[in-house]
Amino acid sequence: MVLDVDSEASLSLSQISGVEGGSFQADWLILCAVIVLLMQAGFMCLESGLVREKNSINVAVKNLADLMISVASFWIIGFSVMFGATIFGLFGVGQLMPDFGVSDSLAAFFVFQAVFCGTATTIVSGAVAERMRFHGYLVSCVCVSALIYPVVGHWVWASGANGMSIGWLEGLGFRDFAGSTVVHSVGGWAALAGCIVLGPRLGRFRKDGRVRDIQPSNLTLAYLGTFILFFGWFGFNCGSTFKATGEIAPIAINTLLGGCFGGLSSILVSSLRTGIPDPRSIANGLLGGLVGITASGSMIDPRAAALIGAIAGVVAVYSDEWLVRLRIDDAVGAISVHGFCGAWGTIAFALFIRTDELAPGMSRWEFLAVQVFGVVVTFGFVFGGVFVLLRGLGRFIQLRVDPETERLGLNVAEHNASSRLLDLAVSMDAAARMRKLEPSCKVRSEYGTAIGDLIDSYNQMIDHICEDQTALAEATKRAEALTAILDDSPNEIAIVHADTGQVLSLNRGARVNLQRDEDEFSELTFDCLFNTEFGELQKFRLSAFDDEAGFTQQLATAVRKDGTTYPASICVQHAEFLGYQVLVVLTVDMTSQVELKERLHAAEKMEAVGQLAAGIAHEINTPLQCMSGNVEFLQSVQQNLQDTLRLVAEGVSDEQALHDISEKLSSDRWSRLLGESDAAIEDTQKSIGRVVQIIGAMRVLSHPGQAGKTNTSINGILRDSAAISRGRWKYAAQMDFDLCDSEPSVACHANELSQVFCNLFVNAADSIEEKNEKVPEAGLGSIFVSSSIEQDGVLIKVRDSGVGMSESVRRRCFEQFYTTKPVGKGTGQGLSIAYQIIVGRHGGNIEITSEEGVGTEFQIWIPMHAPDDACDGATKTNAGQTNDATSLAAV
112 MVLDVDSEAS LSLSQISGVE GGSFQADWLI LCAVIVLLMQ AGFMCLESGL VREKNSINVA
172 VKNLADLMIS VASFWIIGFS VMFGATIFGL FGVGQLMPDF GVSDSLAAFF VFQAVFCGTA
232 TTIVSGAVAE RMRFHGYLVS CVCVSALIYP VVGHWVWASG ANGMSIGWLE GLGFRDFAGS
292 TVVHSVGGWA ALAGCIVLGP RLGRFRKDGR VRDIQPSNLT LAYLGTFILF FGWFGFNCGS
352 TFKATGEIAP IAINTLLGGC FGGLSSILVS SLRTGIPDPR SIANGLLGGL VGITASGSMI
412 DPRAAALIGA IAGVVAVYSD EWLVRLRIDD AVGAISVHGF CGAWGTIAFA LFIRTDELAP
472 GMSRWEFLAV QVFGVVVTFG FVFGGVFVLL RGLGRFIQLR VDPETERLGL NVAEHNASSR
532 LLDLAVSMDA AARMRKLEPS CKVRSEYGTA IGDLIDSYNQ MIDHICEDQT ALAEATKRAE
592 ALTAILDDSP NEIAIVHADT GQVLSLNRGA RVNLQRDEDE FSELTFDCLF NTEFGELQKF
652 RLSAFDDEAG FTQQLATAVR KDGTTYPASI CVQHAEFLGY QVLVVLTVDM TSQVELKERL
712 HAAEKMEAVG QLAAGIAHEI NTPLQCMSGN VEFLQSVQQN LQDTLRLVAE GVSDEQALHD
772 ISEKLSSDRW SRLLGESDAA IEDTQKSIGR VVQIIGAMRV LSHPGQAGKT NTSINGILRD
832 SAAISRGRWK YAAQMDFDLC DSEPSVACHA NELSQVFCNL FVNAADSIEE KNEKVPEAGL
892 GSIFVSSSIE QDGVLIKVRD SGVGMSESVR RRCFEQFYTT KPVGKGTGQG LSIAYQIIVG
952 RHGGNIEITS EEGVGTEFQI WIPMHAPDDA CDGATKTNAG QTNDATSLAA V
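Quick note on this note's numbering: the sequence shown kicks off at 112 and runs consecutively.
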């Protein structure tokens, strides 16, 4: 039904004449109301797309529910409060639940106003999304649609229904064509109060000040909602004329330009701020432009509409950022778009209104003051009223969901609504918070769909993770057991940073033996624990490792906390530990081994003495027999001489007796006897010297080891060693010497070197005897011994003409307990100990060249000067002064 209208009447709500005057065009209002109702679908798509998937159904249900609640509440009481007979311009009173059967125009007007109320109410749902309980939200919808929105609407639009009631703001000259303040700011400020009362979503603002961006679930759906809202806005603005006239086209142009320029300015601002055009900011900028242009309708020109829309897009972006800084969490940006942009559009109306549209007698600045005042008053009433209402409701009902429900999502918790994708999202969220995944985390598959394929991949991932967890648990169990074994091991294990040398870990054995605690690790380094021949750790790390094996084993001195030390063998290997390149140092306390080695040295020495005993006894027995015969001869000579002297002494007077004595003394026999006596005495002296030499050499060999070294003639040691071992080599070989003329002295342990040379001489004799057994016609062999000064040391060569060594025997001859001699004839200690004495004790070198069937040569180099900390005396021992080139032949 088309009513008679006054063509000269203004099209704004505040100037519409009464229903009975015929100011409504029913069919136009119904058409625009349907278009505005479509905006509800746009809000649903926009808000559902901007929230997370687990809350999208809840948001959709709220959008549908708040429409139903708002229409019902507006019909029951809101329409009367908004358009009834005014009480001091504050609110209206009249018939509750009105019957519109008597007037088609009034019925169309109600439908149009009801969908406006639904728009204002639904703005709140997006802002408080993801954390407000459904039933609490419904109660807040009743409050907004039945009281808050109608009261503000009465202040501004009370005259719209009958032309008689005038709201108090309307009476001051406040104007809002289609609801930038009445609809959108009311919804925005109500949303602001709701966000403050409820607080931010979990995890949105962190304690360290960082802000977590919660990503939208479906931006495509959000943009579909934006397009629907853009379309519905034409019904919103153009329908506010209440009839189809020529004013519709300018309103549509301003609406189109305001929305487009709002979106363009938001693209520019977001690109300048972040470097990329933010999709969420673009959509909200466009909607902000639409909100901003809603207050002015056709009373501004298109250029002003474009400018208002562009500034509204900037306001939408920066006001949203400002709210984030205040830690106010608006899930979809509704406060910025509807609250701030609505306020801007209302104020901009006064700035850009055409002069001919100003109320009679009111200047632009007076109109601006009224508009600003109206915006402030509306904010105070709506924000304060909703804040108090929600606080009061919070005392009786729970407004916010509990944290567990919020994590789960309101789709399932509030509505028991789910989907395959949502099931997958919920399962993934639960799995992310589990310390150990289980097969129950899998989601029932759905065949033949894209989400089904995704679920299959997710289930396979769960299976793989569960398998890996089982393997990891077993590996962890083994690792813990191994760690316990290593920690309880009496051997000392230290983990040291490969570059800095800092101690990262010590096992229990190391902590006990080294007397260190865990809290000391940060102050300990490799050099604090071990003294090695490499000194600094870097030298040890770079030079001590075998390229193939990757580890090295060296002797070292371990240092305890109290300063005491003990000998240790350390095995060092490269590894990675807690992300660091480290050296794993396995330490074995060698105290008992060192003691055992000393006993082995003594045993080897006694074995050498024992093996040489028979020869030494024979060497001593020969001069002793000579001495015994000479003594008997000298005794007989002495007896004859004593008898003769006694006769002379008794004064024999018998001439015959005197004659006999004279003949006896002058006889040849007596002369020979005296001459033989001299020879016997000289021979005895030589025999005594020989015995003294052998005993002296034996004393050097058998003397206990000394802590320090003494300067000793190396040639003397060689001669003494040859004398001691002569009984073993004289029947097998002839020994030739070519010794250095300068009689070089070296700082050494003389008894240990004597043991080495005796062992070499005996081995040479054994090798020659073995060759003679194989080749009897070989005859007497040879042993050649030489000494010379080379490279600040003495080089000794011992060469024999024995059976020689194979290459395999030569490589192993210095191994402890290795021997090629039959059982009972060798222990395999001799050359091993010789190597330790020459290399370890004296810092020298020993090399072997050998050829099977030809012989063997040992080359021994000993430094002439001992290190400062090893030489403890300057006593000089010259054992023997015999010239070199002496030949000791077998006797």
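Here a beta-carbon is modelled for each residue, glycine too, at the ideal position from N, C-alpha and C. From a predicted model like this one, the values you see are computed outputs, not experimental measurements.
For residue i, is the classification buried or exposed, using 16 other Cβ atoms within 10 angstroms of its Cβ as the cut-off for buried?
i: Ser917; result: exposed
i: Asp287; result: buried
i: Gly819; result: exposed
i: Ser703; result: exposed
i: Asp177; result: buried
i: Ala1000; result: At Ala1000 the pLDDT is 30, less than 50, meaning the model places this residue with poor confidence; the figure from the coordinates comes in the next sentence. Per the 10 Å Cβ criterion, exposed.
i: Gly966; result: buried
i: Phe347; result: buried
i: Gly629; result: Residue identity differs from the one stated: residue 629 is Glu in this sequence, not Gly. Its Cβ having fewer than 16 others within 10 Å, Glu629 is exposed.
i: His575; result: exposed
i: Lys173; result: buried
i: Ser856; result: buried
Please look up how many angstroms separate the CB atoms of residue i and residue j, rounded, as I've assumed it's under 8 Å.
i: Leu906; j: Ser899; result: 5 Å
i: Gly369; j: Gly403; result: 6 Å
i: Thr233; j: Gln151; result: 6 Å
i: Ile894; j: Ala844; result: 5 Å
i: Leu510; j: Gly247; result: 4 Å
i: Ile77; j: Val250; result: Any property of residue 77 remains undetermined from this structure, which presents the chain solely from 112 to 1002.
i: Val607; j: Val696; result: 6 Å
i: Ile959; j: Ile971; result: About 10 Å separates the two Cβ atoms, so there is no contact after all.
Can you grab the Cα-Cα spacing for the pair residue i / residue j, in whole Å?
i: Asn602; j: Val909; result: 42 Å
i: Val920; j: Ile879; result: 17 Å
i: Gln866; j: Leu942; result: 10 Å
i: Asn522; j: Ser159; result: 11 Å
i: Ala238; j: Pro514; result: 18 Å
i: Gly456; j: Gly203; result: 27 Å
i: Ala981; j: Val670; result: Annotation note: pLDDT 40 at Ala981 (below 50); position unreliable, coordinate value reported separately. Those two C-alpha atoms are separated by around 19 Å.
i: Arg952; j: Ser853; result: 24 Å
i: Leu217; j: Ser447; result: 34 Å
i: Asp658; j: Phe632; result: Model confidence at Asp658 stands at a pLDDT of 48, short of 50, so the residue's coordinates are unreliable; what they give is reported in the following sentence. Cα-Cα distance, rounded: 30 Å.
i: Ile837; j: Asp831; result: The sequence given here has Arg at residue 837, not Ile. So the two alpha carbons sit approximately 10 Å from each other.
i: Ile419; j: Gly298; result: 20 Å
i: Arg438; j: Val263; result: 28 Å
i: Ala355; j: Leu330; result: 36 Å
i: His526; j: Glu517; result: 13 Å
i: Arg589; j: Glu578; result: 17 Å
i: Pro550; j: Met572; result: 10 Å
i: Glu901; j: Met975; result: 10 Å
i: Lys165; j: Met539; result: 12 Å
i: Asp638; j: Thr611; result: 11 Å
Do residue i and residue j have their C-beta atoms closer together than 7 Å?
i: Ile1045; j: Val493; result: The chain is shown from 112 up to 1002; residue 1045 falls before or after that span and cannot be answered.
i: Phe641; j: Ala667; result: yes
i: Phe969; j: Leu871; result: yes
i: Gly195; j: Ile339; result: no
i: Met846; j: Ala833; result: yes
i: Ile828; j: Gly904; result: no
i: Asn624; j: Ile604; result: no
i: Ser291; j: Gly453; result: yes
i: Ile377; j: Gly396; result: It should be noted that the sequence gives Ser, not Ile, for residue 377. Yes.
i: Ala302; j: Leu161; result: no
i: Gly284; j: Val497; result: no
i: Gly1005; j: Ser256; result: Residue 1005 lies beyond the range of the chain shown here (112 to 1002); nothing can be said about it.
i: Thr230; j: Val294; result: yes
i: Ile393; j: Gly373; result: no
i: Val426; j: Phe460; result: no
i: Cys552; j: Ala543; result: no
i: Trp266; j: Gly278; result: yes
> Which residue spans inside the region 827-876 form an unbroken alpha helix (DSSP H) run of at least 4?
Replying inline: 837-840
> Which parts of the region 567-643 are runs of the beta strand (DSSP E), unbroken and 3 residues or longer, counting only runs that do not cross its ends?
Replying inline: 603-608, 614-617, 641-643
> Going along the chain, which unbroken runs of the alpha helix (DSSP H) with 4 or more residues stay wholly within the region 362-410?
Replying inline: 390-404
> In the region 176-259, which residue ranges form an unbroken beta strand (DSSP E) of at least 3 residues, counting only runs that do not cross its ends?
Replying inline: 196-198, 202-204
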